[in-house]
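Just so you know, the sequence shown maps onto residues 147 to 449 in this note's numbering.
All C-beta atoms, glycine included, are put in the ideal place defined by N, C-alpha and C.
A short worksheet on the structure shown next.
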Amino acid sequence: MRDRISLVSDLAVMGFAEVIPKIPSMLLRVRHTVNDIFASYPALVVFIDGKGFSRRVASRVQQCNWRDCRPLLIQYVAPSIWAWRAEEASALRTKALFDHLLLLFPFEKPHWDQYQVPNTIVGSPVLEGFWDEAHHPSRLPQLRAGAASRLRADFNIPGERTAIVTVGLGSRPQELRRMTPILGRALQLARREVPGLTCIMPSAWNVRGTMEKIVKRWVAETASKEQGLQTLCVPGDSTTLRSVLLGSRAALVTSGTIALEAAFAGIPTTVAYAAHPFTAWMARRCAKVRYASIVNLIATSTF
């Protein structure tokens with residue numbers, strides 16, 4: 147097994163302005179990745195998400211002087227061309243770089259088919275991670291019944307009438323910085339209306355330390371102002387997250403995969419996102435979709 151070149155979390159950045167500080171380190175990782183691919187001489191290279199990084203690597207891989215034939219290049223999680231006004235340009239560029247695309251959602255396929263880009267719908271991994279034989283969508287009412295009591299027992303949450311809310315701040319450091327004050331204010335407002343509110347925050351492994359510091363700060367700040375607010379930080383693995391969502395009354399999350407998982411759990415969810423002002427300005431000019439939440443996009447997939 148080959149040693150890793152770098153952590154994928156090092157490339158976890160989204161936006162326009164947010165990418166600029168990462169450009170030097172990203173270009174360095176692109177060069178290292180291309181060199182490693184060329185030295186390995188693989189038959190197939192699979193790119194997983196990270197469209198900006200993947201495109202740069204794929205472009206340079208195609209330019210390498212391969213002895214016989216270059217490896218096949220496959221992109222898993224295709225670019226969201228359906229969300230942007232420059233759809234055709236992005237589609238044609240992707241077509242020139244990758245041999246095949248693996249799509250997560252059925253509504254994506256017509257957009258790629260019209261540009262003759264080879265593609266296959268493979269489905270979202272969230273489905274496999276959230277549902278299994280013991281937790282089937284047809285059993286959602288039964289799974290929801292008693293889930294809150296089990297959640298209270300698992301995490302020692304007192305009070306049978308306590309309302310449990312899942313809070314998802316995001317999985318990227320930049321999201322935590324921007325979303326913490328926004329969702330924090332929302333929780334303070336909710337706490338005034340719902341006495342005894344308990345917040346459970348699932349955290350990705352790469353931001354666990356930061357999340358725990360946020361929880362400690364929230365507990366300290368609310369101890370004098372909002373008596374009784376309980377906040378817990380728990381692992382964000384699929385099993386724990388499923389238990390937390392099924393046992394929650396509602397969810398307050400940053401736009402991302404967790405919004406889709408909350409929809410699977412059948413709980414009311416508020417989805418929010420805050421970007422750099424320049425990124426927000428560019429998105430308003432270039433995007434052609436009304437929503438940032440994938441749940442809303444799927445529900446209104448007429449674009």
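When the five nearest sequence neighbours on each side are left out, the beta carbons in the same chain lying within less than 6 Å of the beta carbon of residue 190 are those of 217, 218, in order along the chain.
Take residue 201, set aside five residues on each side of it, and the residues of its chain with a beta-carbon closer than 7 Å to its own are 243, in chain order. A direct Cα-to-Cα measurement between residue 262 and residue 238 gives close to 9 Å. In the structure shown, residue 379 adopts extended strand secondary structure according to DSSP, grouped into three states. Straight through space, the alpha carbons of residue 350 and residue 385 are spaced by roughly 13 Å. Secondary structure in the stretch 170-215: the alpha helix (DSSP H) runs of 4 residues or longer, each lying completely within the stretch, are 197-209 in chain order.
Annotated three-state conformation of residue 302 is coil, per DSSP. Looking only at 422, 294, 180, the smallest Cα-Cα distance to residue 165 is reached by 422. Between residue 215 and residue 206, the alpha-carbon positions lie close to 14 Å from each other.
The alpha-carbon of residue 432 is positioned some 24 Å away from that of residue 316.
Listed in chain order, the non-local C-beta contacts of residue 255 below 8 Å within the same chain comprise 249, 265, 267, local neighbours out to five positions each way being set aside. In this model, residue 247 and residue 408 are separated by some 27 Å (Cα to Cα). Cβ contact annotation for residue 286 (same chain, cutoff 7 Å, sequence separation greater than five): 412, in chain order.
With respect to the 8 Å criterion, residue 193 and residue 204 are classified as neighbours on the basis of their beta carbons. The alpha-carbon of residue 361 is positioned some 6 Å away from that of residue 377. Residue 391 and residue 417 have their alpha carbons spaced roughly 14 Å apart. Under the DSSP assignment, residue 265 falls in the beta strand (DSSP E) whose first and last residues are 265-267. Between the C-alpha atoms of residue 282 and residue 169 there is a straight-line separation of about 43 Å. Of the candidates 252, 220, 347, 253, 220 places its Cα closest to the Cα of residue 240.
Going by DSSP, residue 165 is part of no beta strand (DSSP E) at all; its letter is neither H nor E. A residue is called buried once 16 or more other Cβ atoms fall within 10 Å of its Cβ, and residue 295, having fewer, is exposed. The continuous beta strand (DSSP E) containing residue 344 extends over residues 344-349. Judged by DSSP in its simplified three-state form, residue 258 adopts helix. By alpha-carbon distance to residue 393, the top candidate from 209, 301, 319 is 301. Short of 6 Å from the beta carbon of residue 308, and not among the five residues preceding or following it, lie these beta carbons of its own chain, in chain order: 342, 344. Only residues of its own chain outside the window of five on either side were considered, and among them 330, 377 have a CB closer than 7 Å to the CB of residue 364, listed in chain order.
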